[in-house]
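So in this note's numbering, spot 169 of the sequence shown is number 188, and the numbers just go up one at a time. Heads up, the beta-carbon is just placed ideally off N, CA and C, and yes, glycines get one too. What follows is a single structure, written as structure tokens, with notes after it.
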Amino acid sequence: MSVNGVDGAETEDAGWEVEPGDESGAAVIATVGRQVRLWREAKGLRPADLGERIGYGEDLVRKVERGVRIPRPEFLDRSDEVLGAGGLIAAMKKDVEEVRYPKEVRNLAKLEARAVEFSMYFNYSIHGLLQTEEFTWSLLRTRRPAYGPEELERLVTARARRRAVLEKDPGPEFSFVQEEATLRRPIGGRMVLRRQLERLLEVSELPNVEIQVMPTERADHPGSGGLIELLKFGDGTAVGRSDGIFNGRPVHDPKRLRILELRHGIIRAQALTPGESRAFIEQVLGET
């Protein structure tokens, strides 16, 4: 995104493309686009006229109106003001916010918002709910083939939004087990890692959060099959997945969930205690 040096108006496309296959999201954005177009035409403005008045290009206005571009909140605010919509266009920001993120991420966020208990084991990176924003940026930029700038921004923003679940009051119960290697890999450089370790220590002080470290020296533990994620809900149901079992697909069947719970329970038992883990993280921080 570029910024006009004279008046600060954004002149590049600002938003995201609608994700292929996201039918529900596409329907929302199509509705928003039609409303913008109807208000614009009612004012007797061309797309170029509206773009000039709100500080965006004509091409973006046309894409939003066609429902192929997800507008940013400021686009809707400015359009509402210029078109005299009395808040009707700006009111659609909440609907747009729900579809700004990839469909898979939205579905995960909905599950996490319902969960009352989280049991997580991660062996290749810091869990997304524990990451700082700069660590997330650095981690996602290592992906090959590389994400484009827009997709990268979408994913970083979506992950930041998911982290709000840690701030709920009353909050769910969280159990995180991290492999030692994930605390030492300098994703983004030494200072990024230091701030990430400080964030882990900060989160570990929350009364409903336990963070444990699985030392590399443990010769035999059932986490070699990959990550394990378990979410339990208030109605007694649950969902879980693991890279190394059930083809990595989410499972709901009690028998399969029991297998994941068994593995996660053994991993927790073999990891350092929360107190020992905190001391270990402090030690790694001092060495970084």
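**OP:** Note down, in chain order, each residue of its chain lying with its Cβ closer than 7 Å to the Cβ of Val-303, except the 5 sequence neighbours on either side.
**Re:** Counting from one through the sequence shown, the residue named residue 303 turns up at place 284. For Val-303, where only same-chain residues beyond five positions count, the Cβ hits under 7 Å are Leu-202, Arg-203 and Leu-216.
Original post:
In terms of residue numbering, what span does the alpha helix (DSSP H) encompassing Arg-204 cover?
Top reply: Within the sequence shown, the letter at position 185 stands for residue 204. First-last for Arg-204: undefined, no H or E at that position.
**OP:** Evaluate the contact criterion for the stretch 281 to 290 versus the stretch 237 to 256: three or more CB pairs, one atom per stretch, below 8 Å.
**Re:** yes
**OP:** Quickly, what does DSSP pair Ala-134 with across the bridge? List them, please.
**Re:** In the sequence shown, the residue the question calls residue 134 occupies position 115. Phe-252.
Subject >> For Met-139: DSSP bridge partner residues >> reply: The residue given as residue 139 occupies position 120 in the sequence shown. DSSP lists Phe-195 and Glu-248 as partners of Met-139.
Original post:
Are the CB atoms of Val-196 and Gln-150 nearer to each other than 7 Å?
Top reply: Taking the sequence shown and counting its residues from 1, one reaches residue 196 at position 177. Taking the sequence shown and counting its residues from 1, one reaches residue 150 at position 131. Not a contact, by the Cβ cut-off of 7 Å.
Original post:
How is Ser-157 classed by DSSP in three states: helix, strand or coil?
Top reply: Start at 1 with the first residue of the sequence shown, and residue 157 comes out as number 138. Helix at Ser-157.
Original post:
Expressed to the nearest angstrom, what Euclidean distance is found between the alpha-carbon atoms of Val-47 and Ala-290?
Top reply: By one-based count along the sequence shown, residue 47 stands at place 28. By one-based count along the sequence shown, residue 290 stands at place 271. Distance between the alpha carbons of Val-47 and Ala-290: 46 Å.
Subject >> Closest Cα partner of Ser-144 within the set Arg-260, Leu-246, Gly-76 and Arg-180 >> reply: Your numbering for residue 144 matches position 125 in the sequence shown. That would be Leu-246, whose Cα lies nearest to the Cα of Ser-144.
Original post:
Taking Cβ to Cβ, would you say Glu-199 is nearer than 7 Å to Pro-234?
Top reply: Counted from its first residue, the sequence shown places residue 199 at position 180. Counted from its first residue, the sequence shown places residue 234 at position 215. Yes, Cβ-Cβ distance for Glu-199 and Pro-234 is below 7 Å.
**OP:** Leaving out five residues on either side along the sequence, give the residues of the same chain with a beta carbon under 6 Å from the beta carbon of Leu-69.
**Re:** Counting from one through the sequence shown, the residue named residue 69 turns up at place 50. Answer for Leu-69: Arg-59 and Val-80, listed in chain order.
**OP:** Would you list the residues sitting across from Gly-259 in a DSSP beta bridge?
**Re:** Here the question's residue 259 lines up with position 240 in the sequence shown. DSSP lists Leu-249 and Val-270 as partners of Gly-259.
**OP:** Evaluate Met-210 with the Cβ neighbour count: other Cβ atoms within 10 Å of its Cβ, from every protein chain shown; 16 or more gives buried, anything less gives exposed.
**Re:** For this step, residue 210 is matched to residue 191 along the sequence shown. It is exposed - the Cβ of Met-210 has fewer than 16 other Cβ atoms within 10 Å.
Subject >> Lys-113 and Leu-95 closer than 7 Å at C-beta >> reply: Your numbering for residue 113 matches position 94 in the sequence shown. Your numbering for residue 95 matches position 76 in the sequence shown. Not a contact, by the Cβ cut-off of 7 Å.
Subject >> Candidates Val-175, Ile-73 and Arg-282: closest to Phe-141 by CA position >> reply: Counting from 1 along the sequence shown, the entry for residue 141 is found at position 122. Ranking the options by Cα distance to Phe-141, first place goes to Arg-282.
Subject >> Proximity of Arg-178 and Thr-155 at Cβ, strictly below 7 Å >> reply: The residue labelled residue 178 in the question sits at position 159 within the sequence shown. The residue labelled residue 155 in the question sits at position 136 within the sequence shown. The answer is yes: Cβ separation under 7 Å.
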